Amino acid sequence: MFPEGMGGLLIKKWYAVLLYLFCFGCFADALTLSADMKQTSLVGYAEILVEPQHEILFEQIITSDFASRFRPFSQAEVNRGITHQAVWLKFSIHNPSSRAIEWVLTPETSYIDNIDIYFTAGSSSQQATPNFSSRNTRAGASSDSWQHRRLSDYLAFSSRDIAYRLLNAKFVAQAGESSSFYVRLSSNTLETMNVQLFVEEKGAFKDRTLTEYFLFGIYFGLFTALALLTVILWSYTRSYSYKYYIYFLSYLVFNIVMWTSLNGFSFQYFWPDSPQIFNQSFHVLYLCVAIFSFLFGRQLLNTKLLLPRVDKLLLGLIALYVLAVILRLFGVYDLVLYISFFSLLSMAFQPVLGWLCYRKGNTYVLLYIVAWVPYGISLILSLISASSQWSAFGMGLIHLTQAAVLFECLMLILATLDKMRSTSSKLQRQAQLSKLDPLTNLGNRRHLSDHIAYLADLEEREGEYWLLLIDIDHFKQVNDRYGHATGDKVLVELAQILKNECRSVDVAIRWGGEEFIVLINVASQKMAYNIAERIRQTFMNSVSESGNQTFRHTLSIGMDELIFDSPDAFSVGLEGADKALYQAKNAGRNRVVSFADGVAK
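Straight run, no breaks: the sequence shown in this note's numbering ends on number 627.
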C-alpha cells in the first residue's frame with residue numbers, strides 16, 4: 027500500500043497523524059480516567075447533535091459532513107423536554123495510567139429507552155458487537171473498526187452489565203490508550219428526555235451505589251411505615267367511613283409504586299423479565315396518584331359541603347383521569363401522556379383548595395395546606411424541568427420532589443389526626459349540648475339518665491342518694507299575669523339557685539315545664555331534707571321583677587330515696603317523689619314532703 031524506503035516511512039507517519047486527527051481531533055477534550063474516579067458528568071467533555079427525524083445512520087454520523095454539526099454539550103442541553111427526537115453525544119476517554127481501568131457509563135434517569143454506544147479500540151466491552159465496519163464514509167474513517175453496544179429498557183433486566191436500577195454499560199480502558207465514543211439516546215415513544223450521562227470508575231461506582239441503595243431503602247421504608255400507620259388508624263378509629271382510609275392508603279401505595287418505577291427499582295425487583303410493564307405503566311401511575319389525591323382531598327376538606335362548585339370541578343377532573351387510564355389500557359399513548367402530566371400539575375394546586383376551605387371556617391386544614399405547599403412547588407419545578415428545556419437542572423428537582431412527597435404524606439396523616447381531634451371535640455360539644463336545657467343551662471333528662479346509669483354500674487356507693495322533685499307553685503298564673511318572658515326569668519332564677527346548692531357529686535336538671543329534679547348524695551335523710559328546705563326558703567325569699575313590678579314566689583318539693591337494688595330503681599324513686607310532691611301541693615304548697623316506707627311525711 028505504501029512505497030518502500032524512507033519516503034514510505036514518512037508517508038506512514040503522516041497517515042497515522044491524519045488518522046488520529048480525524049478520530050480524536052473532532053472530539054472535545056478527552057475525559058481522563060483514574061483508578062478512583064468518582065461519578066463525572068459528560069457535560070463539558072462531550073459534543074451534542076440533535077436528530078429530529080430518527081434518520082441519521084452511524085455510518086453518516088462519523089463522516090466529516092456531520093462533524094461540524096456537533097456543538098459543545100452544556101448543562102442547558104441536558105433536558106430536552108417531551109420529544110420524539112434522538113440525540114447523539116460524542117466524546118473520548120483517555121487512560122494515562124500503566125494498567126487497565128474498568129469504568130461504567132450510566133444515564134441520570136430512567137427516561138431514556140435506548141442507548142446505542144459505538145466505540146473504537148482502546149476500550150472493550152464483553153457484550154459489544156465487534157468489527158462494526160463503517161460504510162459509505164469519507165476518507166480516513168473508512169478504515170476504522172467500531173464496536174457497538176445497545177442498552178435498552180425494552181430488554182430484560184438481566185441484560186445489564188451490572189444489576190443496577192438504571193441502564194449501564196461496563197468498559198475496560200487499556201493502559202495508556204484512548205477511545206472514541208458516539209452515543210445515541212432515543213425513546214420508542216413520545217417521552218420526556220434527559221440526556222445526562224456519567225462516567226465512573228467501577229469500584230467508585232459500587233461504593234456509591236451501596237450508599238445510594240441504603241438511602242433509598244430508608245426512604246421507601248418510611249413510606250411503608252406511613253402506609254402501616256394508616257392501616258393502624260383505620261383499625262383503631264371509627265371516626266370516618268372506610269372510603270376515607272381507602273383513598274389515602276391507595277394514594278400512599280400508588281406513590282410508592284410510582285417512585286419505585288421512576289427510580290428504576292420496580293424493573294429490578296418486581297418485574298425484571300417484563301420490560302413492557304415497566305415502560306407502559308408510568309402514565310397510569312401518575313393518573314392514579316392524582317385520582318386518589320383528589321378523592322382523599324374531597325373527603326378531608328369536605329368540599330361537597332363547603333365548596334359545591336369546586337367539588338363538581340374535582341369530580342370532573344377525576345372522571346377525566348379515569349377516562350385517560352382506560353384509554354391508556356386500550357393503547358392510546360400521546361394524548362394520555364399529556365393528560366398524565368396535567369394531572370400531576372393539577373395536584374400542585376391543592377394548597378389553594380385547602381385555603382378556600384380554610385376561609386369557609388375549616389380550621390383544621392392548615393396542616394393540609396402545609397403538607398401541599400412544598401410538594402406543590404417542587405412538583406411544578408420538576409414538571410417544568412422534565413417537560414421543557416427551560417430548566418438546566420437534572421435529577422436534583424426530582425429528588426427534591428421525592429423528599430417533599432414523603433413530608434407531604436406525613437403531614438396529611440397529621441392533618442387526619444387533627445381532623446379526628448377536631449371532630450371528636452365537636453362531637454363532645456354536641457353531646458354536651460344535647461344533655462343541656464337551652465333555657466336554664468341545667469342538664470336535661472338525657473343527662474340525668476346517663477348519670478343514673480353511671481351510678482348503677484358502680485360496684486360500691488357511699489352514702490344515700492335522694493331524688494328531689496321540684497315544682498313551682500302557681501307558675502301558670504305567673505305566665506298569665508306577667509308574660510312568658512318573665513316566667514322564663516323565674517325558671518332561670520330557680521336554676522341558678524339549684525346550681526349554687528349542688529355540689530360536684532350532685533345533679534340538677536330541668537325535668538320539663540316548671541318541674542326540676544335534683545339528685546343529691548348525702549349521709550342521711552335529714553341532710554337531704556335540709557338541702558331541700560334550704561332550696562325552698564331561698565327561692566321563697568328571692569324577688570322577681572317584671573317591668574316596674576316586683577313579686578315573690580314559692581315552690582313545693584317531693585323527695586324519695588333512690589335505692590339501686592333493681593333495674594327500675596329510678597322509676598321507683600321518681601314515683602315516690604311524685605307522690606310526695608302531690609301530698610305537698612294538697613297540704614297547701616310551699617313545703618317539702620319526704621316519701622319513706624311508702625308514706626309521704
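Glycine residues also receive a C-beta, built at the ideal position from the N, C-alpha and C atoms.
Quick caveat, the model's predicted, so the values are computed rather than measured.
Simplified DSSP state of residue i, which is helix, strand or coil
{"i": "F96", "result": "coil"}
{"i": "A613", "result": "coil"}
{"i": "T218", "result": "strand"}
{"i": "G247", "result": "helix"}
{"i": "A199", "result": "strand"}
{"i": "K116", "result": "strand"}
{"i": "S185", "result": "helix"}
{"i": "T389", "result": "helix"}
{"i": "N532", "result": "One detail in the question is off: residue 532 reads as Asp in this sequence, not Asn. Looking at D532 - three-state DSSP - the assignment turns out to be coil, as it is neither helix nor strand."}
{"i": "G229", "result": "helix"}
{"i": "S178", "result": "strand"}
{"i": "P377", "result": "helix"}
{"i": "I87", "result": "helix"}
{"i": "Y491", "result": "strand"}
{"i": "T155", "result": "strand"}
{"i": "N121", "result": "coil"}
{"i": "F28", "result": "Unreliable positioning characterises F28 in this predicted model, as indicated by a pLDDT of 44, which lies under 50. The coordinate reading is nonetheless provided below. Residue state, collapsed to three classes: coil."}
{"i": "D105", "result": "With the sequence shown as reference, residue 105 is identified as Asn, and Asp is not the correct amino acid for it. In the structure shown, N105 sits in a strand (DSSP, three-state: E or B)."}
{"i": "L254", "result": "helix"}
{"i": "L465", "result": "coil"}
{"i": "V548", "result": "strand"}
{"i": "Q428", "result": "helix"}
{"i": "R161", "result": "Here R161 scores only 40 on pLDDT, less than 50, and its place in the model should not be relied on; the value that follows carries that caveat. Here R161 sits in coil by DSSP."}
Option nearest residue i by Cα separation, candidates the options
{"i": "Q551", "options": "W492, G573, I496", "result": "W492"}
{"i": "F596", "options": "Q101, T250, L481", "result": "L481"}
{"i": "I129", "options": "F197, H80, S100", "result": "It should be pointed out that residue 129 corresponds to Trp in this sequence rather than to Ile. Closest option to W129, Cα to Cα, is F197."}
{"i": "S151", "options": "Q173, L83, K269, S136", "result": "Q173"}
{"i": "K64", "options": "L131, H110, F92, N105", "result": "L131"}
{"i": "A251", "options": "C435, D499, L545", "result": "C435"}
{"i": "A622", "options": "S206, S178, E601", "result": "E601"}
{"i": "I88", "options": "L115, L68, Y71", "result": "L115"}
{"i": "S204", "options": "L588, L275, Y273, S118", "result": "S118"}
{"i": "V69", "options": "E587, V221, E81, E527", "result": "V221"}
{"i": "M446", "options": "Y262, E77, A374", "result": "Y262"}
{"i": "L327", "options": "Q376, I344, G290", "result": "Q376"}
{"i": "V431", "options": "S411, I410, V399", "result": "V399"}
{"i": "S644", "options": "D476, L382, F304", "result": "With the chain represented from 27 up to 627, any question about residue 644 goes unanswered, as that position is not in the structure."}
{"i": "S213", "options": "W260, G247, A112", "result": "A112"}
{"i": "L379", "options": "G323, S369, V351", "result": "G323"}
{"i": "R507", "options": "E571, M219, F318", "result": "E571"}
Burial state of residue i (16 or more Cβ within 10 Å)
{"i": "S184", "result": "exposed"}
{"i": "P133", "result": "buried"}
{"i": "N612", "result": "exposed"}
{"i": "P334", "result": "exposed"}
{"i": "R164", "result": "Confidence is the limiting factor: at R164 the pLDDT is only 37, short of 50, which leaves the residue's position unreliable and the question unanswerable from this model."}
{"i": "S169", "result": "Because the pLDDT at S169 is just 39, under 50, the model does not fix this residue reliably, and the point stays unresolved."}
{"i": "Q503", "result": "exposed"}
{"i": "T256", "result": "buried"}
{"i": "Y268", "result": "exposed"}
{"i": "I365", "result": "buried"}
{"i": "G509", "result": "exposed"}
{"i": "I589", "result": "exposed"}
{"i": "A397", "result": "buried"}
{"i": "H309", "result": "buried"}
{"i": "L223", "result": "buried"}
{"i": "A441", "result": "buried"}
{"i": "F293", "result": "buried"}
The beta strand (DSSP E) enclosing residue i, as first and last residue numbers
{"i": "H500", "result": "Taken as a continuous stretch (DSSP letters only), H500 belongs to no beta strand (DSSP E), as it is neither H nor E."}
{"i": "H473", "result": "Premise fails: H473 lies in the alpha helix (DSSP H), 471 to 483, not in any beta strand (DSSP E)."}
{"i": "Y144", "result": "140 to 145"}
{"i": "Y208", "result": "204 to 212"}
{"i": "T576", "result": "575 to 577"}
{"i": "D586", "result": "581 to 588"}
{"i": "R191", "result": "Careful: R191 lies outside any beta strand (DSSP E) and carries neither H nor E."}
{"i": "P133", "result": "127 to 133"}
{"i": "I82", "result": "Segment: none, I82 is in no beta strand (DSSP E) and carries neither H nor E."}
{"i": "L75", "result": "73 to 77"}
{"i": "E571", "result": "570 to 572"}
First through last residue of the alpha helix (DSSP H) which encompasses residue i
{"i": "H510", "result": "510 to 527"}
{"i": "H309", "result": "308 to 327"}
{"i": "A345", "result": "334 to 355"}
{"i": "V279", "result": "268 to 288"}
{"i": "T564", "result": "551 to 567"}
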